[in-house]
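Worksheet: the structure to be examined is printed underneath.
In UniProt numbering, the protein residues as written are 1 to 342.
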């Protein structure tokens, strides 16, 4: 019973921004990231297009290359930069030295810090307070610290659970700290999970990747550890991992090459390019994704982690197709020369 409870209540020591999360039915439309849930961006991240969602929350020094449309609240921490307009359906909180390249329109209250630059002016229907709002993460950390200091462990757990769950009908998009997201590439240094029925542009690079069902990925998938691609997903580029296992589900269509340590491909999957495995390649008949990607627990094995600093990052970024191993078996009947995907 204790083990079950530990899975439903968030840990006070866990980092809610320790992985890239793209929930179901998230689309990139005309340079906008569109989702039914919230958008949470970790500090020092760069998102080169606009975002549309429920609540939009950004840490320090986050840069947006387009506009922001938030149906709920919008909270931008200090030194954030937005290239275009910011439209907020409820309340807005802007930290000091935030820059907005367009106009700011707020349906509710506006809490604004010092030295905020809004090039085309602002309009708020509610109260306007000029001060320096406390950053959301700082406020939560201080409050939790005080609860723990006075011995209110149960209240702290309930508060954290309420903040994380928040009775949402849709999971939020989570961009980890220091990430770079654009039409060309999604680069994160953490694991990544992509839900079902998503439509994304760009080459996705992460520590490990789990992709759900019926997605359209207009780019490649590349990870240091394992990659799992669910049923009915189409990937226009290569699927490459340095030493982990690649698992490809039924009715999946990969237009490029597949290269990894171990490769498991469903018998109903279609791969247009070469398939290379350093160790072993198997044909399977069982689905590779049984549960919802976003709702299930992350089953990544920490012992399989092989992160050795910048040398591996440089190898992953060397080329889009990537160096394919010469000593593994091939399925296309050819010799050892490298084959580029379409």
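Cβ atoms here follow ideal geometry from the backbone N, Cα and C, with glycine treated the same way.
* **Where residue 289 sits in the DSSP three-state scheme** => coil
* Asked: DSSP three-state call for residue 142: helix, strand or coil?
  -> helix
* **Proximity to residue 30 [Cα-Cα], best of 17, 201 and 157** => 201
* Asked: Within 10 angstroms of its Cβ, does residue 261 collect 16 or more other Cβ (buried), or is it exposed?
  -> buried
* To do: Could you check how far apart the C-beta atoms of residue 112 and residue 100 are, in whole angstroms? I think they sit under 8 angstroms.
  => Actually they are not in contact, since the Cβ atoms of residue 112 and residue 100 sit about 11 angstroms apart, beyond 8 angstroms.
* **Length of the line joining the Cα atoms of residue 255 and residue 62** => 34 angstroms
* Using the rule of at least 16 other Cβ atoms within 10 Å of the residue's Cβ for burial, across every protein chain shown, is residue 245 buried or exposed? -> buried
* To do: Could you please give the first and the last residue of the uninterrupted beta strand (DSSP E) stretch that includes residue 92?
  => 92–94
* Proximity below 8 angstroms, CB of residue 39 to CB of residue 173 -> yes
* Counted within 10 angstroms of its Cβ, other Cβ atoms place residue 336 as buried (16 or more) or exposed -> Any reading at residue 336 must be qualified, since the residue scores a pLDDT of 37, below 50, and its modelled position is unreliable; the value itself is stated next. Flag for residue 336 reads exposed.
* How close, in whole Å, do the beta carbons of residue 258 and residue 233 come, if the pair is a contact with beta carbons under 8 angstroms? -> Not really, about 13 angstroms apart at Cβ, beyond 8 angstroms.
* Helix, strand or coil: how does DSSP classify residue 153 here? -> helix
* Look at residue 241 and residue 269 and say whether their C-beta atoms are less than 8 angstroms apart. => no
* Asked: Using the rule of at least 16 other Cβ atoms within 10 Å of the residue's Cβ for burial, across every protein chain shown, is residue 267 buried or exposed?
  -> exposed
* Can we say the region 185–199 touches the region 51–67, given the rule of at least three CB pairs closer than 8 angstroms? -> no
* Enumerate in chain order the residues of its own chain whose CB-to-CB distance from residue 285 is below 6 angstroms, with the five nearest sequence positions on each side excluded. => 267
* Let me know the secondary structure DSSP gives residue 335 once reduced to three states. => At residue 335 the pLDDT is 41, less than 50, meaning the model places this residue with poor confidence; the figure from the coordinates comes in the next sentence. Coil, per DSSP.
* C-alpha gap between residue 67 and residue 102, whole angstroms -> 8 angstroms
* **Three-way DSSP call (helix, strand, coil) for residue 314 in this model** => In this prediction, residue 314 scores a pLDDT of 44, lower than 50, which makes its location untrustworthy; the coordinate-derived value is nonetheless stated afterwards. Here residue 314 sits in helix by DSSP.
* Would you call the CB atoms of residue 192 and residue 20 closer than 8 angstroms? -> yes
* Among residues of its own chain, excluding the 5 on either side of residue 250, which ones have a beta-carbon nearer than 7 angstroms to its beta-carbon? -> 231, 266, 268, 269 and 287
* **Contact set for residue 308: own chain, Cβ-Cβ below 8 angstroms, skip 5 residues either direction** => Any reading at residue 308 needs caution, since the residue's pLDDT is 43, under 50, leaving its predicted position unreliable; the model's value is listed next. There are no such residues.
* Rounded separation between residue 37 and residue 55 - CA only -> 7 angstroms
* To do: Measure the C-alpha to C-alpha separation of residue 296 and residue 114 and round it to an integer number of angstroms.
  => Residue placement at residue 296 is poorly supported in this model, since its pLDDT is 41, which falls under 50; the coordinates still yield a value, given next. Taking the straight line from one Cα to the other gives about 42 angstroms.
* Would you mind working out which of 110, 220 and 84 sits nearest residue 94, comparing C-alpha positions? => 110
* CB-CB length for residue 92 against residue 74, believed under 8 angstroms -> 5 angstroms
* Asked: Rounded to the nearest angstrom, how far is the Cβ of residue 264 from that of residue 282, given a contact under 8 angstroms?
  -> 5 angstroms
* Identify the continuous beta strand (DSSP E) that holds residue 203 and give its terminal residues. => 203–206
* To do: Using DSSP bridges, identify the partner residues of residue 234.
  => 216 and 253
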